[in-house]
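If you're matching positions, the sequence shown starts at 1104 in our numbering and goes up one per residue. In this text, a Cβ means the ideal position worked out from N, Cα and C, and glycines have one as well.
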Amino acid sequence: MDVKKFRVLLAEGAPGEAEGSLRAIYPAPESKLELTVVSAVSTLLGTIDVAAPETIFLDLALCGADPLDVVRRVHRAAPGIPLIVLVDRDHKSLAARSTSEGAIDYLLKGFMDTRTMERVLRAALERNTLEGLADLLRDEATTLYNREGFTALGERCMDTATRSGGTLVILCALIENYSAIHEESGSIGCQQAVRETADLLCECFRRNDYVARLGDAHFAALAVDAAEPSAKVLRQRVASRLGVHNQSREPEDPLLLRLSASYWGANDNRSFPEFLEAVEAGLRRSEPVLSIASTNQANTAASR
């Protein structure tokens, strides 16, 4: 019977300290490690799909003049795979900044003993386990995360942001005319509205953000490392996309969404459930939106 191996993709320059530590933890000849080693960032990016790694190590010495940009690129290429950076001890501050660009941890060169390597590997494996558990917590109709999965991932993102000084934005959306759609078109019409809303939100957020269906007509999206103005920008983006979408729905009744968005910074003492609850409460105070254009028209008419 084949033994499942731990797949690691490593981009490292000489002298290969990380490679040595990994092979010491998983010694041959019956090693449970499947290690792919490359020596260039371009090769790393081209190897991700082939190697299907469970963890990626990136030596910042290979990243040229803008290492943080390379960290962002690698993270965007594989947002669900834990990324650990390797750095000279003189550049420890750069390594710390990399955790706000997608890395989950860093290792200092000269200090990669097996105990330290085991610590970061344990964190990576825990992250993979949580991601796998969250994948089981999905809404069957849309494949989006359900409330439990969204909360589990949100709490992890908040823990990471607290350590790195990162930020979060949550946007909640409610199909305002869900009951009217049900009365007119029944369950089939509601299912279509739910799918369309799910697709619309996914189009408005990045691959490394999280979108969920929290209830029958209730959705949420979590933007990671989004600046404070992003809450307003994301709300406007969804409203604008909604206007375009509703034009394509004609002659069917348009979707009417109620939107609420808010920002969280590392100095905010609220837990993730408290933050989410506050944004959900904002739905009760917000006005339903057809599109940015329809909202502006309504405001103009009201001022006359």
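For this session: Between the Cα of residue 1260 and those of 1271, 1250 and 1245, spot the shortest distance and give me the residue it belongs to.
Result: For residue 1260, the nearest C-alpha among the options comes from 1271.
Exercise. Just checking, does the region 1321-1341 make contact with the region 1273-1283 on the three C-beta pairs under 8 Å criterion?
Worked result: Segments in contact, yes.
Problem set entry | Coarse secondary structure for residue 1293, derived from DSSP in three states | Looking at residue 1293 - three-state DSSP - the assignment turns out to be helix.
For this session: Pick out whichever of 1296, 1295, 1184 and 1144 has its Cα sitting closest to the Cα of residue 1169.
Result: Restricting attention to 1296, 1295, 1184 and 1144, the CA atom closest to the CA of residue 1169 is found in 1144.
Exercise. For the beta strand (DSSP E) that residue 1377 lies in, which residues bound it at each end?
Worked result: Counting along the chain, residue 1377 falls outside any beta strand (DSSP E), though it belongs to the alpha helix (DSSP H) covering 1375-1386.
For this session: Per DSSP, which residues does residue 1312 bridge with? Please list them.
Result: Paired residue(s): none; residue 1312 is not in a bridge.
Problem set entry | beta strand (DSSP E) runs contained entirely in the region 1164-1240, provided each spans 3 or more residues | Listed in chain order, the complete beta strand (DSSP E) runs (minimum 3 residues) inside the region 1164-1240 are 1186-1190 and 1208-1211.
Exercise. With DSSP run on the structure shown, which of helix, strand or coil describes residue 1131?
Worked result: Three-state result, residue 1131: coil.
For this session: State yes or no: is the C-beta of residue 1240 within less than 8 Å of the C-beta of residue 1231?
Result: No, the pair does not count as a contact, with Cβ atoms beyond the cut-off.
Exercise. According to the neighbour-count rule (16 or more other Cβ atoms, all chains shown, within 10 Å of its Cβ), is residue 1316 buried or exposed?
Worked result: Residue 1316 should be labelled buried.
Exercise. Whose CA, out of 1243, 1375, 1350 and 1215, lies closest to the CA of residue 1127?
Worked result: Taking the Cα of residue 1127 as reference, the smallest distance to any Cα among 1243, 1375, 1350 and 1215 is reached at 1215.
For this session: Please report how far the alpha carbon of residue 1183 lies from the alpha carbon of residue 1227, in whole angstroms.
Result: In a straight line, the C-alpha of residue 1183 is about 11 Å away from that of residue 1227.
Exercise. Does the beta-carbon distance from residue 1114 to residue 1162 come in below 8 Å?
Worked result: Yes, Cβ-Cβ distance for residue 1114 and residue 1162 is below 8 Å.
For this session: Look at the Cβ atom of residue 1203, then the Cβ atom of residue 1312, and state whether they are nearer than 8 Å.
Result: No, the pair does not count as a contact, with Cβ atoms beyond the cut-off.
For this session: Let me know if residue 1363 comes out buried or exposed under the rule of 16 or more other beta-carbons within 10 Å of its beta-carbon.
Result: Only buried fits residue 1363, as 16 or more other CB atoms lie within 10 angstroms of its CB.
Exercise. What do you reckon, are the CB atoms on residue 1417 and residue 1112 nearer than 8 Å?
Worked result: Beyond the ends of the chain as shown, which are 1104 and 1407, falls residue 1417; an answer cannot be given.
For this session: Measure from the alpha carbon of residue 1201 to the alpha carbon of each residue in 1269, 1284, 1370 and 1108, then state which is nearest.
Result: The candidate whose alpha carbon is nearest that of residue 1201 is 1269.
For this session: Helix, strand or coil for residue 1302, going by three-state DSSP, please let me know.
Result: Residue 1302 falls in the helix class under three-state DSSP.
Exercise. Starting from residue 1137 and walking both ways along the beta strand (DSSP E), at which residues does that stretch end?
Worked result: It spans 1136-1141 - the beta strand (DSSP E) in which residue 1137 sits, taken as one unbroken run.
For this session: Could you name the residues that DSSP lists as bridge partners for residue 1109?
Result: Per DSSP, 1136.
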